[in-house]
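This report refers to the structure that appears directly beneath it.
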Amino acid sequence: MTATERTRTYWLEHAWLGTHVEPDVALDVRDGRVSAVHQGVATPPPGAEILRGLTLPGLANAHSHAFHRALRGTVQVGSGTFWTWREVMYSFADRLTPDTYHALARAVYAEMALAGITAVGEFHYVHHAPGGTPYADPNAMGGALIEAAAEAGVRITLLDTCYLSSGFGEPPNTHQLRFSDGTAQAWAERCSLLKERDHARIGAAIHSVRAVPADQLATVAQWAGARRAPLHVHLSEQTAENDACQQAHGCTPTRLLADHGVLGARTTGVHNTHLTDEDIALLGESRTGTCMCPTTERDLADGIGPAAALQRAGSPLSLGSDSHAVVDLLEEARAMELNERLRTRARGHWTAAALLRAATADGHAALGWDDTGRIEAGARADLTTLALDSVRTAGPLPRLGAETAVFAATAADVRHTVVGGRHVVRDGAHALVPDVPRALMRAVEALRT
Ligand SMILES: [Zn+2]
Numbered sequence: 026m027t028a029t030e031r032t033r034t035y036w037l038e039h040a041w042l043g044t045h046v047e048p049d050v051a052l053d054v055r056d057g058r059v060s061a062v063h064q065g066v067a068t069p070p071p072g073a074e075i076l077r078g079l080t081l082p083g084l085a086n087a088h089s090h091a092f093h094r095a096l097r098g099t100v101q102v103g104s105g106t107f108w109t110w111r112e113v114m115y116s117f118a119d120r121l122t123p124d125t126y127h128a129l130a131r132a133v134y135a136e137m138a139l140a141g142i143t144a145v146g147e148f149h150y151v152h153h154a155p156g157g158t159p160y161a162d163p164n165a166m167g168g169a170l171i172e173a174a175a176e177a178g179v180r181i182t183l184l185d186t187c188y189l190s191s192g193f194g195e196p197p198n199t200h201q202l203r204f205s206d207g208t209a210q211a212w213a214e215r216c217s218l219l220k221e222r223d224h225a226r227i228g229a230a231i232h233s234v235r236a237v238p239a240d241q242l243a244t245v246a247q248w249a250g251a252r253r254a255p256l257h258v259h260l261s262e263q264t265a266e267n268d269a270c271q272q273a274h275g276c277t278p279t280r281l282l283a284d285h286g287v288l289g290a291r292t293t294g295v296h297n298t299h300l301t302d303e304d305i306a307l308l309g310e311s312r313t314g315t316c317m318c319p320t321t322e323r324d325l326a327d328g329i330g331p332a333a334a335l336q337r338a339g340s341p342l343s344l345g346s347d348s349h350a351v352v353d354l355l356e357e358a359r360a361m362e363l364n365e366r367l368r369t370r371a372r373g374h375w376t377a378a379a380l381l382r383a384a385t386a387d388g389h390a391a392l393g394w395d396d397t398g399r400i401e402a403g404a405r406a407d408l409t410t411l412a413l414d415s416v417r418t419a420g421p422l423p424r425l426g427a428e429t430a431v432f433a434a435t436a437a438d439v440r441h442t443v444v445g446g447r448h449v450v451r452d453g454a455h456a457l458v459p460d461v462p463r464a465l466m467r468a469v470e471a472l473r474t
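First residue of the sequence shown: 26, per my numbering; consecutive thereafter.
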């Protein structure tokens, strides 16, 4: 292949360049990366791929449990709490096999690509067969997720999750046996067998302070630290977890993580909902990130986390669709701001640009893709183009593109998704998974029977 064959040009009608929207931008893309950004290119160069609308960097979905997508709609009947929802969620977890999980995740990641998501952080804990027996390939489930992402055309960071206990001092229950490796050391040995691929990074996760005993936390943190890999942890999503941690250890979950070396710049706390002022200071000072999942947090009646205070304290923000009640990163960004408005009865806690940064560059950084999420020379050519002529987005001036993207557009306005210079979604159609709704339907039905 000659150099010219490997270089492609994309012409962007409008491009969000991190600080403002620029019209008439041409990108040279070579070997999956942007090699040059040209401004003021009024006419698309011959042979260029034309992206009409507003092009953003690809969106990063920093927190996903792919199989939760099977619950959509089915958990909206009747009343309850996070804990009653969890029982239904476990009934689906019980039925997953490497094959059914592969089919479901492929469809879910294709849905994400259609929503402009180019990288997903999969917080993965269904490791073994029901009852806890390892598969012949101990990473059959994680491998199925990595392959599913490849087939759906998106990047994945597999956040392989350590899950050892049901609560403080309690062994896993029947449902949770398949999540557990027994000890953090056994978890580490299994994870060390996972292989990275061009589209796949391996990271670590601590399910929660409920699910990993205090004396096992450092093993997980050291495994991630030795590899400079991202480390994620569900943190203080529920007040019951805080109360149980106080009873068992006499401190908050954040303090417990700090005392066992879990916090730091490569660590992300997911939810960070019910925190003390000291917790916020510990997370901020250590530069531990915060992944907010506002559509899930409202769906599960979790509460509203102190995202603005966390960011002020020094914690970078990212966003995730978590339980996939909705797969729409623009809605996650909008909801973070709107939640804060409801709580404070004041507007404008973040600019639209700051919300987009959480959905793009900072989300990618939380997943270990530091060179992704910006439209600039050297960055990976991951792009999301929104229509500016839909019923939702028509009207605002193009220079208000960031505001339009966050406060008017939805996932339905995504027209093109480009990953590493390759069109994964073109004109609203997935290029690799021909009928995504049907793939979702079949995969969910397979889990019902
Ligand atoms: Zn989660």
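Where is the CB? At the ideal position from N, CA and C, for every residue including glycine. Values in this document were obtained by computation on a predicted structure and should not be read as measured data.
For residue i, the three-state DSSP class (helix, strand or coil)
i: ASN198; result: coil
i: GLU221; result: coil
i: GLN270; result: At residue 270 the sequence reads Cys, which differs from the Gln that was named. Three-state result, CYS270: helix.
i: GLN64; result: strand
i: GLY453; result: coil
i: HIS152; result: coil
i: LEU37; result: strand
i: GLU172; result: helix
i: ILE400; result: coil
i: CYS316; result: strand
i: SER183; result: In the sequence as displayed, the identity of residue 183 is Leu instead of Ser. Reduced to three states, the DSSP call for LEU183 is strand.
i: SER116; result: helix
i: GLU74; result: strand
i: THR442; result: strand
i: HIS389; result: helix
i: GLU262; result: coil
i: GLN299; result: According to the sequence as given, residue 299 is His; it is not Gln. Three-state result, HIS299: coil.
i: PRO48; result: strand
i: MET466; result: helix
Backbone CA spacing between residue i and residue j [nearest angstrom]
i: GLY105; j: THR435; result: 29 Å
i: LEU219; j: GLY168; result: 8 Å
i: THR369; j: GLU362; result: 11 Å
i: GLY309; j: THR321; result: 23 Å
i: GLY420; j: ALA236; result: 49 Å
i: HIS149; j: HIS285; result: 22 Å
i: SER233; j: GLY294; result: 10 Å
i: SER415; j: GLY178; result: 25 Å
i: ARG31; j: LEU307; result: 47 Å
i: HIS274; j: SER191; result: 16 Å
i: LEU325; j: GLN201; result: 20 Å
i: GLY250; j: ALA87; result: 19 Å
i: THR125; j: ASP452; result: 29 Å
i: PRO48; j: ARG417; result: 21 Å
i: GLY57; j: ASP396; result: 12 Å
i: VAL450; j: LEU408; result: 10 Å
i: GLN336; j: ARG372; result: 17 Å
i: THR340; j: PRO155; result: Checking the sequence, you will find Ser at residue 340 rather than Thr. Cα to Cα, the separation comes out at about 38 Å.
i: ALA128; j: ALA211; result: 28 Å
i: ALA454; j: ALA350; result: 22 Å
i: PRO69; j: GLU136; result: 30 Å
i: PRO238; j: CYS187; result: 10 Å
Contact test: residue i Cβ vs ligand 1 heavy atom, cutoff 7 Å
i: VAL295; result: yes
i: ASP347; result: yes
i: HIS90; result: yes
i: PRO117; result: Going by the sequence as given, residue 117 is Phe instead of Pro. No, since every heavy atom of ligand 1 falls outside the 7 Å radius drawn around the Cβ of PHE117.
i: PHE193; result: no
i: PHE148; result: yes
i: HIS63; result: no
i: HIS259; result: yes
Under 8 Å between C-beta atoms of residue i and residue j
i: ARG203; j: VAL245; result: no
i: ARG399; j: PRO71; result: no
i: VAL59; j: ALA406; result: yes
i: VAL145; j: TYR134; result: yes
i: ARG440; j: LEU411; result: yes
i: GLN247; j: THR208; result: no
i: ALA225; j: ILE171; result: yes
i: SER348; j: LEU96; result: yes
i: LEU381; j: VAL444; result: no
i: ALA358; j: ALA334; result: no
i: LEU392; j: PRO196; result: no
i: GLU147; j: SER217; result: no
i: ALA427; j: TRP110; result: no
Anticipated Cβ contact below 8 Å, residue i with residue j, distance rounded
i: ALA130; j: ALA91; result: 4 Å
i: CYS270; j: LEU281; result: 6 Å
i: GLY314; j: SER343; result: 6 Å
i: LEU1; j: ALA229; result: Any answer about residue 1 is impossible in this case: the structure gives the chain only from 26 up to 474.
i: PRO163; j: ARG222; result: About 18 Å separates the two Cβ atoms, so there is no contact after all.
i: ASP327; j: THR298; result: 5 Å
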